[in-house]
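Down below is the structure, laid out as structure tokens.
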Amino acid sequence: MAINDDDDFLRAAIDEAEIPALLPALAQLTGDLSLLRDDLRPDPTDRFSPQGALGDEQLAAARELALRTLADWRDRGCPTAPKFADGQVRRLIEFTTSGALDDYLPLLVEELAHDGDPGRPDWTKAELAADAPLHVVIIGAGMSGLAAAHRLRQAGVPFEILEKNADVGGTWLENTYPGCRVDVTNHLYSFSFTGNHDWPGHFSTQRALLDYFRDFADEQDLKRHIRFGTEVVAAEYVEAEHCWELEVRDAGGSRRLRAQAVISAVGQLNRPSYPKISGLADFAGPSFHSARWDHDVDLTGKRVAVIGTGASAVQFVPIIAEQAAEVHLFQRTPPWLVPTPDYHDPVPSGLRWLLRNVPHYARWYRFWLFCRSAEGVLPAVAVDPDWAGDPRSVSARNEELRQLLVAYLEMSLPDDPELVRKITPQYPPAAKRMLRDNGTWPATLRQEDVHLVTEPIQEVTATGVRTTDGRQHDADVLILATGFQASNFLTPMRVTGRDGVDLHRRWGGDARAYLGITVPGFPNFFMIYGPNTNIVVNGSIIFFSECAVNYIVGCLRLLLERGSAALECRAEVHDGFNADVDRANLLMSWGKSTVHSWYKNEHGRVAQNWPFSLMEYWKRTKRPDPADFLLRGGGSE
Ligand code: N01
950 MAINDDDDFL RAAIDEAEIP ALLPALAQLT GDLSLLRDDL RPDPTDRFSP
1000 QGALGDEQLA AARELALRTL ADWRDRGCPT APKFADGQVR RLIEFTTSGA
1050 LDDYLPLLVE ELAHDGDPGR PDWTKAELAA DAPLHVVIIG AGMSGLAAAH
1100 RLRQAGVPFE ILEKNADVGG TWLENTYPGC RVDVTNHLYS FSFTGNHDWP
1150 GHFSTQRALL DYFRDFADEQ DLKRHIRFGT EVVAAEYVEA EHCWELEVRD
1200 AGGSRRLRAQ AVISAVGQLN RPSYPKISGL ADFAGPSFHS ARWDHDVDLT
1250 GKRVAVIGTG ASAVQFVPII AEQAAEVHLF QRTPPWLVPT PDYHDPVPSG
1300 LRWLLRNVPH YARWYRFWLF CRSAEGVLPA VAVDPDWAGD PRSVSARNEE
1350 LRQLLVAYLE MSLPDDPELV RKITPQYPPA AKRMLRDNGT WPATLRQEDV
1400 HLVTEPIQEV TATGVRTTDG RQHDADVLIL ATGFQASNFL TPMRVTGRDG
1450 VDLHRRWGGD ARAYLGITVP GFPNFFMIYG PNTNIVVNGS IIFFSECAVN
1500 YIVGCLRLLL ERGSAALECR AEVHDGFNAD VDRANLLMSW GKSTVHSWYK
1550 NEHGRVAQNW PFSLMEYWKR TKRPDPADFL LRGGGSE
């Protein structure tokens, strides 16, 4: 990589840089550790101040230092960076984290990936057991399925992906509603093993995400392993042969196929939830769910009724409000809004140039984002059992956060206290998913042709929606932004394990698994983004999926190393883990609060969320402990 741009150009680019990432990148590029000045240390724990809470003078000094260093590197002919030893890299990491994340150090070294792809399996099937029968079926070609395929291929394990849709992308293929975009910063919401982090936005649109996964599948030549238009209807364990028999449906009808292991990568948020509202079927106009957007319906000049004010609605209502004559928005519970000024902004050209052209910077940029979000606001959403303050918060720190978020609403709508009252949540921050906002949501709600209705819905009629106060809200189009059947894991698939046990009957609407991945009685059946692996206020779910994939690949390795045919999680390990998770979830805002959310299942148990740190999941999924499993078949019998 070489640069020959003049100083003015470099200065302008550096003005847009994330300084806490630029200094270590330049130190690595030049080998000059004196760049890591004590007075320029950032604070990754300050979530609300930009640039690691560095002050103006510090920033000016750091920019000057960066400019001199980069210009000098250019003038010396852009020499290749010296090879850094792990110890030196640790020094760079310690500078970036200011010692705040010491517990995370082993994870951080891996996350930085300064020396290749640390998640790549360090074994292959051919080395371990070339002749062992091991064919893996992955269900779903979304983000998680593609990650699993990538790692299995690296390990030389034969696999195929069965995908019900006609393309890859999963949720990013199915959700095409206007304004759909990722709400986790993109440079983190991407695979650790793809070099390309050239995102157009800090939070890119659905189209950019879909292109990313499509490009990945093409570049890695994964599509030839995918059977598109193929839905898995049922999976049954054939104990005598230690394999799974799958019933699949495709254009040719119903077929059966076998695999030694199954990885479900079907996601949590993809089966739309249709509300049980009387009269829904009587609506005379077009009606659709936000995740099944009907692009044939032109909303121009129409009266549109929208039910729901969750993540989906908050993204699409501002767009459709520009086309529709009127929007009637039915809110049951308002969301908390997290101020995010750059939510819709493109990555500025200077920053993009640095990410593309300064060696190491893209990695340090992602790494810095990781450090900032690893713990996120987790400590501020944990319950203090002795908290006796406002019941709309769960601890002193949670109350501080609540007041900050209320202040944001008041500041956004200074002359409309009535609207502020209507959209201020009466439950603790993080009890439901908090949504990003750059001012768009409050501005949309105050538009004259947008009517926020907070009266409960009585029924849907042929011509609109009637609320319990007797008012009829006329509409030409009805959009259900009512979310997903998140807690109905793996539905509508039938999964039958050992001794003919039906997984859904076993769960009884209360899905549980060990690490969200394996279930006793269901040997060699693995899940990615399974029960209790949703993260709420920290990190990126892609990180979690990669951890789960790493663990599953480790389980397959165990099978091959031990010469076993099947591996099954011990019941006591599974039960003990779930008891820990339940206890910990009750000590989080989402577990303590009684507010309705998709984090809980029909029994009121938090079946979705991971209550611990990212570090904890990384540690627990690093490699499977053989003692957690029963091994059967092959050499183990
Ligand atoms: O769904 P939701 P979503 N009568 O369940 C209301 C992810 N996501 O699709 O809050 C009236 O959050 C319901 O009201 P209430 C993300 O993880 C990500 O918006 O239950 N209202 C709520 O307002 C997100 O959290 C992105 O009282 C009814 C709304 O419908 C998750 O998906 C984008 C009702 C449902 O909100 C789900 O988000 C979009 C009824 N009978 C989604 N039933 C990105 O980042 C439900 N509601 C890209």
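The sequence shown begins at 950 in our numbering and counts up one residue at a time. Where a beta carbon is used, it is the ideal one built from N, C-alpha and C, also for glycine. Being a predicted model, the structure only gives us computed values, none of them experimental.
- Every beta strand (DSSP E) stretch that sits fully inside the stretch 1276-1364 and reaches 3 residues is listed by chain position as 1286-1288.
- Cα atoms of Ala1273 and Gly1118: separation of roughly 30 angstroms, rounded to the nearest angstrom.
- Separation of the CB atoms of Phe1165 and Leu1095 is rounded to 6 angstroms, and the pair is thereby assigned contact status at 8 angstroms.
- In the three-state scheme derived from DSSP, where H, G and I count as helix and E and B as strand, Asn1534 is classed as helix.
- The beta carbon of Gly1250 sits closer than 6 angstroms to the beta carbons of Ala1274 from its chain, once the five residues preceding and following it are set aside; these are given in chain order.
- Taken atom to atom, the span from the alpha-carbon of Ala1097 to that of Val1211 is near 11 angstroms.
- In the assembly as shown, Thr1570 is a buried residue. Its beta-carbon has 16 or more other beta-carbons within 10 Å.
- Between Gly1470 and Glu1521 a beta carbon distance of about 13 angstroms is seen, past the 8 angstroms cut, so the two are scored as non-contacting.
- The beta carbons of Ala976 and Leu985 sit closer together than 7 angstroms.
- Look at Arg1204 here: in three-state DSSP terms it is strand.
- A distance below 7 angstroms between beta-carbons, with the five flanking residues on each side excluded, links His1136 to the following residues of its chain, in chain order: His1146, Trp1148, Tyr1314, Arg1315, Leu1318.
- Note on geometry: alpha-carbon atoms of Asn1483 and Val1468 lie some 17 angstroms from one another.
- The alpha-carbon of Val1287 is positioned some 22 angstroms away from that of Phe1492.
- Excluding sequence positions up to five before and after Thr1289, its CB lies within less than 7 angstroms of the CB of Arg1385, Asp1386, Asn1387, all in the same chain and listed in chain order.
- Here DSSP, grouped into helix, strand and coil, assigns Glu1517 to strand.
- For the set Asn1306, Ile1428, Phe1265, the Cα lying nearest the Cα of Trp1022 is the one of Asn1306.
- Rounded to the nearest whole angstrom, the CA to CA distance from Ala962 to Arg1040 is 26 angstroms.
- When distances are taken from the beta-carbon of Val1131 to the heavy atoms of ligand 1, the shortest one is below 6 angstroms.
- Taking all protein chains in view, the Cβ of Glu1495 is crowded by 16 or more other Cβ atoms within 10 Å, so the residue is classified as buried.
- Taking C-beta atoms under 8 angstroms as the contact rule, Leu1077 and Arg1506 qualify, at a distance of about 7 angstroms.
- If you check the C-beta of Pro1374 against ligand 1, you find no heavy atom less than 6 angstroms away.
- Residue pairing by DSSP places Glu1271 opposite no residue, since no beta bridge is assigned to it.
- Note that the stretch 1293-1311 does not touch the stretch 1259-1273; fewer than 3 beta-carbon pairs, one per stretch, sit closer than 8 angstroms.
- Cα atoms of Arg1204 and Glu1185: separation of roughly 13 angstroms, rounded to the nearest angstrom.
- Taking C-alpha positions only, Arg1461 is separated from Asp1116 by approximately 30 angstroms.
- Relative to ligand 1, the nearest heavy atom lies less than 6 angstroms away from the CB of His1545.
- Fully enclosed beta strand (DSSP E) runs of no fewer than 3 residues occupy 1085-1088 of the stretch 1045-1094, in order along the chain.
- Linking Tyr1566 to Leu1464 through their CA atoms gives a straight-line distance of about 8 angstroms.
- From the listed residues Ser1141, Val1085, His1099, the smallest Cα separation to Leu1056 is found for Ser1141.
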